[in-house]
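The structure appears below as structure tokens.
There are 2 protein chains.
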Amino acid sequence: MGDEVQIFEEYLKKHALHLTAPRETVLRTIFGTHEHFTADDLIAHLGRAGTPVSKATVYRTLALLSECNLLIEHDFGQGKKYYEHASELQHHGHLYCSDCGRISEFYDPKLNGLQEKIARQEGFDPTHFVVKIYGRCADCTAKRNRREAESTA
Amino acid sequence: MGDEVQIFEEYLKKHALHLTAPRETVLRTIFGTHEHFTADDLIAHLGRAGTPVSKATVYRTLALLSECNLLIEHDFGQGKKYYEHASELQHHGHLYCSDCGRISEFYDPKLNGLQEKIARQEGFDPTHFVVKIYGRCADCTAKRNRREAESTA
DNA sequence: GTGACATTGAGACTCAGTCTCAGTCTCAAC
DNA sequence: GTTGAGACTGAGACTGAGTCTCAATGTCAC
Ligand SMILES: [Zn+2]
Ligand SMILES: [Zn+2]
Ligand SMILES: [Zn+2]
Ligand SMILES: [Zn+2]
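Residue numbers (the numbering used here), protein chains in the order written: chain A, 1 to 153; chain B, 1001 to 1153.
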């Protein structure tokens, strides 16, 4: 937890920037609570917590945290970005439920190896891999089955 | 090529819709030329070709074509959607060059099998899989190496 | 303290995409 | 061939995520 503060501080120092109060508030809020969140989620959360930070500063801080690899950006085609802690197990993939929007995760080392190999074959120098599975989560499938059973009954 | 027209026409008929002139123009333009394109690309192309179609209609037609599985939507985190013909080899992955924005493709059946398996393990009912590799393409890597060699010389 | 420069929040702005609406077209029923 | 239900269209208003601007403020090295 204090780990991120240190990494961020070092990164800032290296770029002649300062760990200001708003930046620290954003940092602590992110690493104290959320998992997969959007900029808007974060802004609302900060407001509710009585430590509002302006939209501009939140976006600027998110960019900084992505640059120093504390956060990872994700896009599920919703026209907005999701963020998550980069510290968690690396290179995991995501399951996105098109019904309820829930995001879950999986990890498979074979997948990573395979992707690395493919990139090399194509003469591509990869920085990161993205695997997303879209569909319906177990809960939504169950709900739908129940509803169908009822309507047929 | 006539194939898409037929599929689209059938889909429209099934939903009590008509294959109107603007829709046909859009359809023929898409399947006559482009590969990976954005809505904006398409609108500009239609304008230049002397067969302008309004933004609203283009977006509406793109939605229809996606619904009947003639087009696939892609998101590379650029805040806009890319489209491509769905008829091409299915379930291929994409390599996106962060330097020049070029999009290339690859196909690996092992990858597809693996994803299917993972989804089932998680109790997930998958509709489609997305694999994207971000990094630097061969050209951009070569360019960068050349520039580096020069600056060191 | 002073000057160079980093930082901030408010709000203007951008840009992809959606929505509204009035006018037009299609087609089947009469 | 007239009519009415409802599909279709383009212009442009609108939305919403994200970026940019700018004047006021903070930080630090000297
Ligand atoms: Zn769900
Ligand atoms: Zn995750
Ligand atoms: Zn490139
Ligand atoms: Zn493709």
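Here a beta-carbon is modelled for each residue, glycine too, at the ideal position from N, C-alpha and C.
Could you tell me whether the Cβ atoms of residue i and residue j are closer together than 7 angstroms?
i	j	result
Tyr82(A)	His36(A)	yes
Leu46(A)	Thr29(A)	yes
Gly77(A)	Asp1099(B)	no
Leu1070(B)	Ala1086(B)	yes
Lys80(A)	Thr38(A)	yes
Arg1023(B)	Thr1061(B)	yes
Glu1122(B)	Phe129(A)	no
Leu1019(B)	Glu1009(B)	yes
Does DSSP put residue i in a helix, in a strand, or in coil?
i	result
Val1053(B)	coil
Arg136(A)	strand
Glu122(A)	coil
Tyr1107(B)	coil
Asp1040(B)	helix
Thr127(A)	strand
His74(A)	strand
Gly93(A)	strand
His85(A)	strand
Arg102(A)	coil
Thr1141(B)	helix
His45(A)	helix
Gly79(A)	coil
Thr33(A)	coil
Ala16(A)	coil
Asn69(A)	coil
What is the C-beta distance between residue i and residue j, in whole angstroms, given that I count them as a contact (C-beta under 8 angstroms)?
i	j	result
Cys132(A)	His92(A)	One detail in the question is off: residue 132(A) reads as Lys in this sequence, not Cys. Rounded, the Cβ-Cβ distance is 11 angstroms, inconsistent with contact.
Ala119(A)	Gly1113(B)	Ala119(A) to Gly1113(B), Cβ: 19 angstroms. No contact.
Ala138(A)	Phe1124(B)	7 angstroms
Ala5(A)	Val26(A)	Going by the sequence as given, residue 5(A) is Val instead of Ala. In fact, because the Cβ distance is near 12 angstroms, the residues do not count as touching under 8 angstroms.
Pro1126(B)	Glu1116(B)	7 angstroms
Please tell me whether residue i has its Cβ less than 7 angstroms away from any Cβ of chain B.
i	result
Pro109(A)	no
Arg136(A)	yes
Ile103(A)	no
Ala119(A)	yes
His128(A)	yes
Val156(A)	Absent from the structure is residue 156(A), since the part of chain A shown begins at 1 and ends at 153.
Val131(A)	yes
Glu116(A)	no
Gly77(A)	yes
Glu122(A)	yes
Of all the CB atoms in chain A, is at least one closer than 7 angstroms to the CB of residue i?
i	result
Thr1033(B)	no
Cys1100(B)	no
Thr1038(B)	no
Lys1055(B)	no
Glu1065(B)	One point to set straight first is that residue 1065(B) is Leu, not Glu, in the sequence displayed. No, because no Cβ of chain A sits closer than 7 angstroms to the Cβ of Leu1065(B).
Ile1043(B)	no
Lys1014(B)	no
Glu1148(B)	no
Leu1095(B)	yes
His1141(B)	The residue you asked about is not His; residue 1141(B) is Thr in the sequence shown. So yes, Thr1141(B) belongs to the interface.
>> Using only Cβ atoms and a threshold of 7 angstroms, which residues come within that distance of a heavy atom of ligand 5? Order them by chain position.
In response: What this structure holds is ligand 1, ligand 2, ligand 3 and ligand 4, not ligand 5.
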